[in-house]
Amino acid sequence: MMAKVSRDEPLLEFNPKLPKLSKNEQAVLKLLVEAGRLIVPIYLEQEKLAQVKIDKAEIERSAKKDPSFSSPYTSVERLNGKLVAIPYHIKYAAPLKPVADKLNEAANISDNKEFGKALKIQAKVLLDGNYEKAWEAWLKMKPNSLDISIGPLHHLANQFFFPKAAYHAWVGVMEKEGTIRFNNYKTVTLSARRKTLTPKERIDPASIKAIVLDAVLFAGIMARTKFVGLTLPIDVNVVEKYGVQATLFNQPNDLRLKDQILPTFNKIFSKGFKEGFSKEDLRRGYLRSAALHDLAHSYLYYKNAAKNLGDDFYTVSELAATVLGLRLAGYLLLKDRITEKMLESMIVAFISRSVYLMREEDKDNKLMSNYTLGSRIFMNFMFESGALKEFKDLIIVNFTKVFVSINDLSSMLESLLAHGTKVDAGSFVKKYSQ
Amino acid sequence: MTNNDSSRNTKDVYLTSKGLLESKEELEYLKKTKRAQIAEKIHQAREYGDLAENSEYDTAMEDQAMMESRIAQLESILKSAKVIADKHTQDFVVIGSTVKIEMDDGIDEFTIVGRVEADPSKKKISNESPLGSALVGAKKGEEVEVATPIVRYKCKVLEIK
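So the protein lines, in turn, are chains C and D. So the first sequence is numbered by my numbering: it starts at 8 and just counts up by one. So the second sequence is numbered by my numbering: it starts at -6 and just counts up by one.
The structure is reproduced here in structure tokens:
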């Protein structure tokens, strides 16, 4: 249920039916939401700055002399004709101060001491730029009924090498049943010891937290992208030291189902095929595919992949996680943890979303361009293998062939992450994205 | 409650001796302790008045229905349970075997159990699952095909314990 949606303002406030919270938790949640809202003007300012085009080659030249130009946490601007890199926490110190104050206020009243401590660290980090400290506190914290992530989001950094608009906030309340199910999938899918293509290159996260949230607020880049799932952090060094948190969001999944998946599903499949899938099948199917995408990431951390693959890294990495996630869903099926219908629903929901992204490509969704490119690669690969066929504007699905093709595509993408080069990734993307 | 999202028709119920003991203990706990606890909760909730708008009463009634259903399930299981021998052959995979397999670039280890005890997150796989049913009867070193209409893998038995 949406309480407030604004097309222009990067703020989504959901109105989920929440579990019973204590009075203290309600008071803390209110302050966290207030802190999240304060991210909006900072993000809008970043978007405005992003309109000023600066040549990427010029930034790369400057980065050779001063690495802060390529940091995901600096604003690159032209002042008096000269390119300068200003750390976010300095550039936005004034509007960040009230955000930090709100977090400190929430920390001071919270009955949960560990959560309060993590909030205080988060507040401090917003103002001093020592982001690793915030990751450490967040990832070491025991699962809590309330969750918040706030600050610059490293995610998609390559895509936004310039322009950058990175501030975000999400606030949510843990959905217990979903979280138990998500952790159950985690245990089953990650229990097998997978062979690694280049063992020296791959790293295992120090720990993996899996949580499902009822989203209360999305602000900044989260409101623009409306991610259904996110695994953070993405910096492999931090992942190796402190681990990751895979987070799923119920309400953004409902929104994506309503606005993107269902309308596309109704257009691209035949009447008889559509009768096999209810709206609930697709809702759960998409959420399940997002869950397994996020879990699959933990098998795909290769130390130098981002550097080796350059601009195509995010497209390759995100698609690799999606197809490996579907492959892992096959294990769940073989172990009787999910049914055939559930696996089919995941595939159908993902195909519908892929077609939606491809058809909307020219519209105002540049933030999702890596995902659109990934969708194009996936669909072309499936058509080329005969797993999908087109007949009178409708898509015919052969699930057995889809699964075989998913295995093939998954192996090719992981091989790129493990030991591919920019040229390899570029020619792969070019071949399958036309 | 099993961790399985799917439902199956009732066939023979296989239990390890540990599983049999746990089922008996659970049934006794539900009948002797939990029933009284929930009855007390319902009694307290009634005292809050207005049953139409009483969420504590609704929750307690739901808990009671779930508990009675579980009691009936356990009684049915215990009535028809076939107990798996603690000591079993290592020549081939049987219900109760712990197996190490290689499949789809991964090495995995789990125990094959009856569906009542199955819990993939605890490495207990049902003998009726696609993987379990393909492995039962397989010998060490043998490669079997695990197949459903969608998913198909070769699976090699590396070890039987």
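Ideal Cβ placement from N, Cα and C applies to all residues, glycine included.
Note that the region 424 to 432 of chain C touches the region 199 to 211 of chain C; at least 3 beta-carbon pairs, one per stretch, sit closer than 8 Å.
Annotation: the region 400 to 424 of chain C contains the following complete segments of the beta strand (DSSP E) (minimum length 3 residues), in chain order: 401 to 404. Put simply, the CB of M96 of chain D is near chain C, with a gap under 9 Å to one of its CB atoms.
The Cβ-Cβ distance between M386 of chain C and L395 of chain C falls below 9 Å.
The beta-carbon of I100 of chain D is placed less than 9 Å from the nearest beta-carbon of chain C. Between the C-alpha atoms of I268 of chain C and N115 of chain C there is a straight-line separation of about 42 Å.
By alpha-carbon distance to P17 of chain C, the top candidate from C:A230, C:G185, C:S117, C:Y95 is C:A230. Within the same chain, and ignoring the five residues on either side of F406 of chain C in sequence, the residues whose Cβ sits closer than 7 Å to its Cβ are E351, I354. Here V59 of chain C is exposed, its C-beta having fewer than 16 other C-beta atoms within 10 Å. For D5 of chain D, the secondary structure class from DSSP, reduced to helix, strand or coil, is coil. Collapsing the DSSP output to three states places F272 of chain C in a helix. For V139 of chain D, the enclosing beta strand (DSSP E) starts and ends at 136 to 140.
By the CB criterion at 9 Å, F256 of chain C and L299 of chain C fall outside the cutoff. Taking a 10 Å sphere around the C-beta of G12 of chain D, we find 16 or more other C-beta atoms and assign the residue as buried. The three-state reading of DSSP puts D221 of chain C in strand, counting E and B together.
Between A176 of chain C and I46 of chain C a beta carbon distance of about 4 Å is seen, short of the 8 Å cut, so the two are scored as contacting. Residues of the region 193 to 209 of chain C with a C-beta atom less than 7 Å from some C-beta of chain D are T194, V195, S198, A199, R200, R201, K202, listed in chain order. For I93 of chain C, the enclosing beta strand (DSSP E) covers residues 89 to 94. Around the beta carbon of A297 of chain C, 16 or more other beta carbons lie within 10 angstroms, which makes this residue buried. Put simply, the backbone Cα of A130 of chain C is about 10 Å away from that of P105 of chain C. Every beta strand (DSSP E) stretch that sits fully inside the region 55 to 94 of chain D and reaches 3 residues is listed by chain position as 74 to 76. Fully enclosed beta strand (DSSP E) runs of no fewer than 3 residues occupy 81 to 86, 89 to 94 of the region 43 to 95 of chain C, in order along the chain.
For I118 of chain D, DSSP records a beta bridge to D:I105.
Straight through space, the alpha carbons of I88 of chain D and F103 of chain D are spaced by roughly 11 Å. Spanning the alpha carbons of D56 of chain D and S10 of chain D requires a straight line of approximately 29 Å.
Inter-residue distance for K89 of chain C and I61 of chain C is about 11 Å (C-alpha atoms, whole angstroms). Residues of chain C whose Cβ lies closer than 8 Å to the Cβ of A111 of chain D are, in chain order, D343.
Sixteen is the threshold: when 16 or more other Cβ atoms of the shown chains lie within 10 Å of the Cβ of F388 of chain C, as they do, the residue is buried. Within the region 394 to 423 of chain C, contact with chain D at the beta-carbon level (separation under 7 Å) is assigned to F406, T407, F410. Remark: C-beta atoms of R290 of chain C and N244 of chain C do not approach each other more closely than 9 Å.
D112 of chain D is bridged by DSSP to D:K117. Of the residues C:R200, C:K171, C:Y439, the one whose Cα lies closest to the Cα of L374 of chain C is C:K171. CA-CA distance, V129 of chain D to G279 of chain C, rounds to 38 Å. Taking 8 Å as the Cβ-Cβ cut-off, the region 249 to 261 of chain C has no residue approaching chain D. Cβ neighbours of A303 of chain C within its own chain (closer than 7 Å, five residues either side excluded): A328, L331, G332, L335. In the structure shown, G433 of chain C adopts helical secondary structure according to DSSP, grouped into three states.
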